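Under my numbering, the residues of the sequence shown are numbered 14 to 668, in order.
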Amino acid sequence: MMVKSFTPPSSQSSVQDSGNSKLSVIEIVPENGIGALVSNSPTMLRTTQAEPETLRYDPVEILAHYEHKLLQVLRRILAVLQPTLSYVFGLWWDNKRGVKVKNDRRRAIQLRELLTKLGPAYIKIGQALSTRPDLVPPVYLEELTRLQDQLPAFPNEIAYQFIEEELGAKPEGIYAEVSPEPIAAASLGQVYKGKLKTGEEVAIKVQRPDLREIITIDLYILRRLAGWVQRKVKRVRSDLVGILDELGDRIFEEMDYIHEGENAERFFELYGHIQDIYVPKIYWEYTNRRVLTMEWINGIKLTQTGEIKELGIDARYLIEVGVQCSLRQLLEDGFFHADPHPGNLLATFDGKLAYLDFGMMSEISPPQRYGLIEAIVHVVNRDFESLAQDYVKLEFLSPETDLTPIIPAFGKVFANAQGASVAELNIKSITDDLSALMYEYPFRVPPYYALIIRSLVTLEGIAIYIDPNFKVLSEAYPYVSKRLLTDPADELRTSLQDLLFKDGKFRWNRLENLLKNARSNQDYDFNLVVSQGIDFLSSERGAFICDRLLDELINGLDAMSKNALHGVTSLLRERVGLTAISETPGATVEQQQTLEHIRRIVGILRETRGFDPAKLAPQIAQIVVNPKVQNLGQKIAHRFTQKALAKLIRQLLAA
């Protein structure tokens, strides 16, 4: 059945203004001003109402709040352990009786109900598992999927009260229509379908009541447990407390719907221009800390492949769009959606991929982004020595770590990475293998890494569901290749140099591989590679590669001239009979190989998007007048003259 769905936040929490004044948060007025509106239609200005206070996660304040409330903490621990142990015992007993637990719908329903009862932190775990068909049996997968937007709703009276408190008027005074019941309900909020008095259909997202206390106490317990494990278990070297604090920061940001709206604005500005990506509009006049009014999106969850197919939409193409968008988020701009589960990704009726729920967003710094790109390149090209250095740059290993035993261990982990399907070797399986490696060697997982893996693993789970043969590296490498060839950043230029040269020799096969993969990226074309290539080769940063390429080009030209002269002398001796003329030797094997590489690269460029023989002449004319090209031409002529003179002198001395 086709549905019209707008998923409420899977990670938004409710905050009531009343409560204990010692509650474990710091409340401050945000420093940022009014942001630009996310707009797919004419702009609506945000009202100049007084800025509300914003919640901030502070583990010190949380510790101070619960340190003297041992009884309350113990009650929460027991509340989690008692039903969990009861469920685990039931599974064990079923297994003893020969019941096939993985096909038992009754146990699957109990698991969903257990996670719902335990609260938002555990619901998030269930949501993450709901995207992993390679880990979770189908019966359990079906039930866990309901955690995305089919949780029990809270009463309308509370929701209407929040709307009135946040927006200053009753719902009927603000909206022309509001659905009598929530359209969807998730872990931390629920959504009503409404209509503004100006006629636009909207989704009205309202936070759940009384969640701040349970969120903070769960974070407190988990953080104390993480600290104990770090101190007592010497084999654990990762910053578990830092990882929990990173998660806490994100959850507390989600408690403020104004922050989510600003995230949506920024996401639209960075990625809204990507083909077939759609970001809904935020109506700021009807948005505050606990109420968010957003453009209503008519669409279908990506995992509802049958309904999508009936509309004539290619679900696999939309996953490709999502993967490309995620690559830009993680590797280009650094601002990424950390919760891309199926309820937050919709196929619109006109074939676009719509992102929803911008509460859980995170950022990755430029050095970390470049480090990830380098790591992908080194994995694909089996350069495990450089990969070990990447892990030092990414702060997984300290600079003084002995990498000698780690390099061959990487070789075992990534032995079959290139070309493997997601079902056979995916991010999750690589992560598992790396976890074993990190346990054996002195790795330390930095806090930023957890949300990146969560985002990638969740998206990959959707890809597996749609197409078990979806190849993650095959989809990612064209983008990475394009970045290596066109990005002017010093870090990537250094990576390109390391990739193309080894022991002073130019590795033509690597350049061919880069060009072949890059042409598959939709943002890559012939004009781009030519202009960026000229800019780089004519700069100081490109001097090393330029000099080596000139040497290879001259070798190719020398090979062509030798072959031509060899052909002429052979013709004169064999056809004409001029035996007095000595037959000139042709190009050496090495020169012939260089010439063959050049021919193949020319062929790749001819097949690149944007190459048009009809436009080639004016393009060449435009390139020739470029001062940078003229400078390169002078270098080539100078180098060729030097080599010709050296060859002549050698021949004279030999004579």
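Built from N, CA and C at the ideal position, the CB exists for glycine as well.
Fair warning: this is a prediction, and the values are worked out from it, not measured in the lab.
Between the CA atoms of residue j and residue i - distance to the nearest angstrom
i: Ile228; j: Glu266; result: 13 angstroms
i: Trp106; j: Ser99; result: 11 angstroms
i: Leu447; j: Gly347; result: 23 angstroms
i: Ile47; j: Glu273; result: Bear in mind that the predicted position of Ile47 carries a pLDDT of just 31, short of 50, making it unreliable; the figure below should be weighed with that in mind. Spanning the two alpha carbons is a distance of roughly 13 angstroms.
i: Arg159; j: Arg619; result: 50 angstroms
i: Gln85; j: Asp231; result: 11 angstroms
i: Ser54; j: Val292; result: Confidence in Ser54 is poor, its pLDDT being 34 and thus under 50, which makes the residue's placement too unreliable to answer from.
i: Lys183; j: Tyr462; result: 43 angstroms
i: Ala502; j: Ile326; result: 38 angstroms
i: Ala121; j: Thr316; result: 19 angstroms
i: Gly32; j: Leu472; result: With a pLDDT of only 35 at Gly32, under the threshold of 50, the placement of this residue in the model should not be trusted; the figure read from the coordinates follows. Spanning the two alpha carbons is a distance of roughly 38 angstroms.
i: Glu333; j: Ile479; result: 11 angstroms
i: Gln243; j: Leu253; result: 7 angstroms
i: Pro379; j: Tyr330; result: 29 angstroms
i: Tyr188; j: Glu74; result: 39 angstroms
i: Met655; j: Gln606; result: The residue you asked about is not Met; residue 655 is Gln in the sequence shown. Spanning the two alpha carbons is a distance of roughly 23 angstroms.
i: Ala360; j: His610; result: 43 angstroms
i: Arg125; j: Leu157; result: 6 angstroms
i: Asn108; j: Lys425; result: 35 angstroms
i: Ala436; j: Leu87; result: Legend: pLDDT at Ala436 = 40, less than 50; position of this residue unreliable, no value from coordinates given.
i: Val101; j: Leu154; result: 18 angstroms
i: Thr56; j: Met268; result: Residue confidence for Thr56 is low, a pLDDT of 34 falling below 50, so the modelled location carries little weight and cannot support an answer.
i: Ser192; j: Glu282; result: 31 angstroms
i: Phe259; j: Ser544; result: The sequence given here has Glu at residue 259, not Phe. Their backbone Cα atoms lie some 41 angstroms apart in a straight line.
i: Ala328; j: Asn357; result: 15 angstroms
i: Leu83; j: Arg221; result: 26 angstroms
Given residue i as reference, the closest of the options once Cα atoms are compared
i: Gly202; options: Asp252, Leu305 and Leu87; result: Leu305
i: Ile256; options: Val543, Val615 and Val458; result: Val458
i: Gln140; options: Glu620, Asp500 and Arg467; result: Arg467
i: Pro455; options: Pro412, Ser494, Arg496 and Leu157; result: Pro412
i: Ile290; options: Tyr296, Glu298 and Ile310; result: Ile310
i: Phe409; options: Lys425, Met373, Leu450 and Thr129; result: Leu450
i: Arg341; options: Glu126, Arg496, Lys518 and Glu323; result: Arg496
i: Asn116; options: Ala134, Arg382 and Pro150; result: Pro150
i: Asp352; options: Glu155, Ser375 and Ser533; result: Ser375
i: Ser200; options: Pro168, Leu131 and Cys338; result: Leu131
i: Lys294; options: Pro421, Val215, Thr654 and Phe519; result: Val215
i: Phe362; options: Leu224, Asp516, Ile313 and Phe514; result: Ile313
i: Leu469; options: Gln337, Lys365 and Pro421; result: Gln337
i: Glu170; options: Thr300, Gly384, Glu194 and Thr129; result: Glu194
i: Phe96; options: Asn482, Leu128 and Ile443; result: The sequence given here places Pro at residue 96; Phe does not occur at that position. Residue Leu128 is the option with its Cα nearest to Pro96.
i: Arg382; options: Asp500, Gly111, Leu209 and Lys82; result: Asp500
i: Ser339; options: Lys518, Ile287, Glu323 and Leu324; result: Ile287
i: Ser487; options: Asn394, Asn644 and Glu453; result: Asn394
Same chain, Cβ closer than 6 angstroms to residue i, five either side skipped, listed in chain order
i: Thr61; result: Below a pLDDT of 50, predicted positions are generally treated as unreliable, and Thr61, at 36, falls in that range; no measurement from the model is reported.
i: His651; result: none
i: Lys218; result: Pro21, Gly202, Val204 and Leu305
i: Ser494; result: Leu527, Asn530 and Ala531
Close-in-space but distant-in-sequence residues of the same chain around residue i (CB under 8 angstroms, 5 per side omitted)
i: Gln402; result: Leu416
i: Ile614; result: Trp521, Leu524, Glu525 and Leu528
i: Ala671; result: Residue 671 cannot be examined here, being either before or after the span of the chain that is shown, 14 to 668.
i: Phe423; result: Phe397, Leu400, Ala401 and Leu450
i: Val152; result: Lys115, Asn116, Asp117, Arg118 and Ala121
i: Ala239; result: Leu253, Val254, Ile256 and Leu257
i: Gln163; result: Ala197 and Ala198
i: Pro491; result: Asn530, Ala531, Arg532, Ser533, Asn534 and Tyr537
i: Ser34; result: Model confidence at Ser34 stands at a pLDDT of 32, short of 50, so the residue's coordinates are unreliable and nothing is read from them.
Proximity test, Cβ basis, 7 angstroms: residue i and chain B
i: Lys109; result: The structure shown contains no chain B; it is built from a single protein chain.
Host beta strand (DSSP E) of residue i (start-end)
i: Ile217; result: Glu214 to Gln220
i: Phe348; result: Phe348 to His350
Limits of the alpha helix (DSSP H) - the one that residue i falls within
i: Ser468; result: Tyr461 to Ile479
i: Ser375; result: Per DSSP, Ser375 belongs to no alpha helix (DSSP H); it is in the beta strand (DSSP E), Met374 to Glu376.
i: Ile256; result: Leu253 to Glu267
i: Gln95; result: Leu83 to Lys109
i: Val149; result: From DSSP, Val149 is part of no alpha helix (DSSP H); its letter is neither H nor E.
Cβ separation of residue i and residue j, assumed to be a contact under 8 angstroms, to the nearest whole Å
i: Ala277; j: Phe371; result: 4 angstroms
i: Tyr368; j: His350; result: 6 angstroms
i: Arg89; j: Ile264; result: Actually they do not touch by this definition, with Cβ atoms about 16 angstroms apart.
i: Gly212; j: Glu190; result: That belief does not hold up - the Cβ atoms of Gly212 and Glu190 are roughly 10 angstroms apart, past 8 angstroms.
The ligand FMN heavy atom lying under 6 angstroms from the CB of residue i
i: Tyr368; result: The ligand content of the structure shown is nil, which means the ligand FMN is not present either.
Contacting residues, own chain, Cβ-Cβ under 7 angstroms from residue i (five flanking each side not counted)
i: Ile6; result: In the structure as shown, the chain begins at 14 and stops at 668. Residue 6 is therefore absent and cannot be evaluated.
i: Leu180; result: Ile187, Tyr299, Asn301 and Val304
i: Leu104; result: Val114 and Arg120
i: Ile420; result: Phe397, Glu398 and Ala401
i: Val390; result: Val493, Leu497, Ser508 and Leu512
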